[in-house]
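Chemist:
2 protein chains.
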Amino acid sequence: MPRPGRSAFQHIQVATSRLFGRMLILDDAIQTTERDEYAYHEMLAHLPLITHPAPQRALIIGGGDGGTLEESLKHPLQHVTMVEIDRDVVDVCRRFLPGISGEAFDDPRTHLLIEDGIAYVRASRERFDIILVDSTDPKGPGLALFSPEFYAACAARLTDDGLLVAQSGSLLYQRDLTEMVRRHLGTAFPVVGTYWTPVPAYPGVLWSFSYGSKRHDPRRVTDETITHRLAAIPTRFYGPPTHATALRLPPLP
Amino acid sequence: MPRPGRSAFQHIQVATSRLFGRMLILDDAIQTTERDEYAYHEMLAHLPLITHPAPQRALIIGGGDGGTLEESLKHPLQHVTMVEIDRDVVDVCRRFLPGISGEAFDDPRTHLLIEDGIAYVRASRERFDIILVDSTDPKGPGLALFSPEFYAACAARLTDDGLLVAQSGSLLYQRDLTEMVRRHLGTAFPVVGTYWTPVPAYPGVLWSFSYGSKRHDPRRVTDETITHRLAAIPTRFYGPPTHATALRLPPLP
């Protein structure tokens, strides 16, 4: 039976909070909680999947809890490859936080690979329309996931109109990180930017995602497109207003 | 010359933060800062002023820094009465945080009264289309501003299609307060609800406002109406997407 503890890569803990329910903690940082995971996962997955006019194939780097995978599979994709370095994270989440992934790991479109995402992107010859980088903080094994070299390798894995979104830290407490991600994405993509969502369990609450895109610009997606594409996709937070608000950064000190 | 210190009502401090710039602190609680005040004041003022189809007269209770007044005066109102209990707050803010009020206190439409807002609302025979309650936390002199009796007195001062918005605390750390405000508003108004905005300097970042309305529902305002009404009104954060997003509460633990 999978259980929390020290894996080959990190210290995995599952804690229960009166307010947030069960939460996954990696190396002492809260990664996701039962109560507020949906805003993070919906905004990470749906905003790029709606920005691309007809995505068929997606790649998720990290995201071991399965929340990004579950949201992605709500779209009529043919295929999702998920590359998670730490099998123990997947196993612990499936056992202790099963509501976050739902049936996503059993979906026939899901191809779960337990390996280093950086090595995978360098070696693979697959092409994807969307890449979602659902990483931990930039330290230890996750550090290279924020490098220009990694983003260039991702760009090579994307189709000619593909786009990538990466979590890029706390808008309030990791502003250097957010700016670095956007700058590094700019070395590999012509269209780059940052958007945000509230995630109460994260430091500073306001969380950032940054995108690098070869062609499609999230800022040009119309409300009508979002409404039409979401018709058969249930969401709790993502929609036309939150798409637009996410791209308008809040006041920052 | 006005200066920070102990007024007749509270301890007034002005501090400078490297991140937030100058900030007003009342009884040890941050009230507003130069860098992030605009989201709070825009969302407090514009959402109800746009929800009402043609507001002419507004009443502001509290709001001594003048930010809510300044945003309100961007609308083609005939008259704004502002009732602030503590003249020292107004004077200190005009001297040390002049950018928050701009020219608002000198606008000929502004009628500033230094008196108790509760007594004013009880005694006045004026009628207003909009009431904005820009109060401190519910303690000391501000406590009665959250009572059903005060909201009933406000309802009596509103025109037949008037509405009131009150700041109602931190979505994360003052949930009992937010729920109490909405419940108390429900005793005086048929249409009630809560909306939010990010305010980085406030505890928990996600701040709530609650509305009580006799007729007009902020949830029924269309993007077209907002765009049309805002054509001549410069805003940095409020607009069609933030109006709609504000009314869709984020994940709460």
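Residue numbers (my numbering), protein chains in the order written: chain A, 1 to 253; chain B, 1 to 253.
Don't be surprised by glycine CBs; every beta carbon is placed ideally from N, CA and C.
Kindly say whether A/Asp106, judged by its beta-carbon, lies nearer than 8 Å to any beta-carbon of chain B.
Modeler: Residue mapping note: residue 106 of chain A aligns to position 106 of the first sequence, counting from 1. False, the Cβ-Cβ gap to chain B never drops below 8 Å.
Chemist: Entirely within the region 122-159 of chain A and at least 3 residues each: give me those beta strand (DSSP E) ranges in chain order.
Modeler: Entirely contained in the region 122-159 of chain A, the beta strand (DSSP E) runs reaching 3 residues are, in chain order, 128-134.
Chemist: For the 8 Å Cβ check, are there 3 or more pairs between the region 198-211 of chain A and the region 169-176 of chain A?
Modeler: Contact between the region 198-211 of chain A and the region 169-176 of chain A is present, because at least three Cβ pairs lie under 8 Å.
Chemist: Are the C-beta of A/Asp36 and some C-beta of chain B separated by less than 8 Å?
Modeler: As a position in the first sequence, residue 36 of chain A is number 36, starting the count at 1. It does: the Cβ of A/Asp36 has a partner Cβ on chain B nearer than 8 Å.
Chemist: Who does A/His60 pair with in a DSSP beta bridge?
Modeler: Taking the first sequence and counting its residues from 1, one reaches residue 60 of chain A at position 60. With the sequence shown as reference, residue 60 of chain A is identified as Ile, and His is not the correct amino acid for it. Per DSSP, A/Met82 and A/Leu132.
Chemist: What residues in its chain sit with their C-beta under 7 Å from that of A/Gly64, if we drop five residues either side in the sequence?
Modeler: What you label residue 64 of chain A is simply residue 64 of the first sequence in a count that begins at 1. Excluding positions up to five away in sequence, the list reads Glu84, Asp86, Val89, Val90 and Cys93.
Chemist: Using DSSP with H/G/I as helix, E/B as strand and the rest coil, what is B/Leu171?
Modeler: Translated into the one-based positions of the second sequence, residue 171 of chain B becomes position 171. Three-state result, B/Leu171: coil.
Chemist: Is the shortest distance between the beta-carbon of A/Leu73 and the beta-carbons of chain B less than 8 Å?
Modeler: Numbered from 1 along the first sequence, position 73 holds the residue referred to as residue 73 of chain A. Not an interface residue.
Chemist: For A/Glu42, count neighbouring C-beta atoms within 10 Å of its own C-beta (all shown protein chains included) and say buried if the count is 16 or more, exposed if not.
Modeler: Residue numbering aside, residue 42 of chain A sits at position 42 when the first sequence is read from its first letter. When all chains shown are included, A/Glu42 counts as buried.
Chemist: Per DSSP, which one or two residues make a beta bridge with B/Ala166?
Modeler: Stepping through the second sequence from its first residue, residue 166 of chain B is reached at position 166. Looking at the DSSP assignment, B/Ala166 forms a beta bridge with B/Val133 and B/Ser210.
Chemist: Are the region 143-161 of chain A and the region 174-191 of chain A in contact at 8 Å, needing three or more beta carbon pairs?
Modeler: In short, these stretches touch, since the Cβ pair count reaches three.
Chemist: A/His79 to A/Thr110, Cα distance in whole Å?
Modeler: Translated into positions along the first sequence, residue 79 of chain A becomes position 79. Translated into positions along the first sequence, residue 110 of chain A becomes position 110. Whole-angstrom Cα-Cα distance: 6 Å.
Chemist: At 3 residues or longer, and completely inside the region 3-40 of chain A: list those beta strand (DSSP E) runs for me, N to C.
Modeler: Those beta strand (DSSP E) runs which fall completely within the region 3-40 of chain A and span 3+ residues are 11-17, 21-26 and 29-33.
Chemist: List the residues of chain A that B/Leu172 touches, going by C-beta distances under 9 Å, in chain order.
Modeler: For the purposes of this step, residue 172 of chain B is identified with residue 172 of the second sequence, where counting begins at 1. What B/Leu172 touches in chain A: Leu19, Pro200 and Val205.
Chemist: Answer with buried or exposed for A/Ala54, where buried requires no fewer than 16 other C-beta atoms within 10 angstroms of its C-beta.
Modeler: Within the first sequence, residue 54 of chain A is the residue found at index 54, counting from 1. By the neighbour-count rule (16 or more Cβ atoms within 10 Å), A/Ala54 is not buried but exposed.
Chemist: Whole angstroms are fine: how far does the CA of A/Phe237 sit from the CA of A/Val14?
Modeler: Start at 1 with the first residue of the first sequence, and residue 14 of chain A comes out as number 14. Start at 1 with the first residue of the first sequence, and residue 237 of chain A comes out as number 237. Spanning the two alpha carbons is a distance of roughly 25 Å.
Chemist: Counting only Cβ pairs nearer than 7 Å, list the residues of chain E close to B/Thr245.
Modeler: Looking for chain E here will not work: the only protein chains present are A and B.
Chemist: Compute the Euclidean distance between the alpha carbons of B/Leu77 and A/Thr235, then round it to the nearest angstrom.
Modeler: Locating residue 77 of chain B in the second sequence gives position 77, where the first residue counts as 1. Locating residue 235 of chain A in the first sequence gives position 235, where the first residue counts as 1. Near 39 Å, if we compare the C-alpha coordinates of A/Thr235 and B/Leu77.
Chemist: Step through the CB atoms of chain B and report whether any lies within less than 8 Å of the CB of A/Ala39.
Modeler: In the first sequence, counting from the first residue as 1, residue 39 of chain A sits at position 39. Closer than 8 Å: yes.
Chemist: If you follow the beta strand (DSSP E) that B/Gly193 is part of, which residue opens it and which one closes it?
Modeler: Counted from its first residue, the second sequence places residue 193 of chain B at position 193. Residues Val191 to Pro198.
Chemist: Hey, how far is the Cα of B/Val326 from the Cα of B/Glu115?
Modeler: Any property of residue 326 of chain B remains undetermined from this structure, which presents chain B solely from 1 to 253.
Chemist: Let me check understanding here. Comparing Cα to Cα, which of B/Gly66, B/Ile60 and B/Thr33 lies closest to B/Ile130?
Modeler: As a working mapping, residue 130 of chain B is identified with position 130 in the second sequence. Selected option, being the one with the closest Cα: B/Ile60.
Chemist: Between A/Tyr211 and A/Gly193, is the Cβ-Cβ spacing less than 8 Å?
Modeler: Here residue 211 of chain A refers to the residue found at position 211 of the first sequence. Here residue 193 of chain A refers to the residue found at position 193 of the first sequence. It is a contact, given that the beta carbons lie within the stated cut-off.
Chemist: Short of 8 Å in beta carbon distance, which residues of its chain neighbour B/Val191, apart from the five on each side in sequence? Order them along the chain.
Modeler: In the second sequence, counting from the first residue as 1, residue 191 of chain B sits at position 191. Leu163, Tyr211, Gly212, Ser213, Lys214, Arg215, His216 and Asp217, listed in sequence order.
Chemist: For B/Gly67, is the classification buried or exposed, using 16 other Cβ atoms within 10 angstroms of its Cβ as the cut-off for buried?
Modeler: In the second sequence, the residue the question calls residue 67 of chain B occupies position 67. Flag for B/Gly67 reads buried.
Chemist: Where does the unbroken alpha helix (DSSP H) through A/Leu69 begin, and where does it stop?
Modeler: Here residue 69 of chain A refers to the residue found at position 69 when the first sequence is read from its first residue. Start and end: Gly67 to Leu73.
Chemist: Whole angstroms are fine: how far does the CA of B/Arg157 sit from the CA of A/Leu254?
Modeler: This structure cannot settle anything about residue 254 of chain A, because the visible part of chain A is limited to 1 through 253.
Chemist: Give every residue of the same chain whose Cβ lies closer than 6 Å to the Cβ of B/Gly73, excluding the five residues on either side of it in the sequence, and list them in chain order.
Modeler: The residue you call residue 73 of chain B lines up with position 73 of the second sequence. Residue 73 of chain B is actually Leu in this sequence, not Gly. So the list reads Ala104 and Asp107, once near-sequence residues are dropped.
Chemist: Which residues share a DSSP beta bridge with B/His111?
Modeler: The residue you call residue 111 of chain B lines up with position 111 of the second sequence. The partner list for B/His111 (beta bridge, DSSP) reads B/Thr81.
Chemist: If you reduce the DSSP assignment to three classes, tell me which class B/Asp217 lands in.
Modeler: The count along the second sequence starts at 1 and reaches residue 217 of chain B at position 217. In the structure shown, B/Asp217 sits in coil (DSSP, three-state: anything other than H, G, I, E or B).
Chemist: Can you check whether the C-beta of B/Pro251 is within less than 8 Å of a C-beta belonging to chain A?
Modeler: Position 251 of the second sequence, counted from the first residue, corresponds to residue 251 of chain B. Output row for B/Pro251: interface = yes.
Chemist: Would you kindly work out how many angstroms separate the C-alpha atoms of B/Ala123 and B/Leu47, rounded to a whole number?
Modeler: Taking the second sequence and counting its residues from 1, the one referred to as residue 123 of chain B is at position 123. Taking the second sequence and counting its residues from 1, the one referred to as residue 47 of chain B is at position 47. So the alpha carbons of these two residues sit roughly 28 Å apart.
Chemist: Within 10 Å of its beta-carbon, does B/Ala232 have 16 or more other beta-carbons around it, so buried, or fewer, so exposed?
Modeler: Position 232 of the second sequence, counted from the start, is the residue given in the question as residue 232 of chain B. That one is exposed.
Chemist: Quick check: the Cα distance between B/Thr178 and B/Ser168, rounded to an integer number of angstroms?
Modeler: As a first step, residue 178 of chain B must be located in the second sequence, where it is residue number 178. As a first step, residue 168 of chain B must be located in the second sequence, where it is residue number 168. Looking at the two C-alpha atoms, the distance is approximately 5 Å.
Chemist: Any C-beta of chain B sitting closer than 8 Å to the C-beta of A/Arg248?
Modeler: Counting from one through the first sequence, the residue named residue 248 of chain A turns up at place 248. Cβ-Cβ to chain B under 8 Å: yes for A/Arg248.
Chemist: Looking at the C-beta of B/Phe237, does it have a partner C-beta in chain A at a distance below 8 Å?
Modeler: Locating residue 237 of chain B in the second sequence gives position 237, where the first residue counts as 1. So yes, B/Phe237 belongs to the interface.
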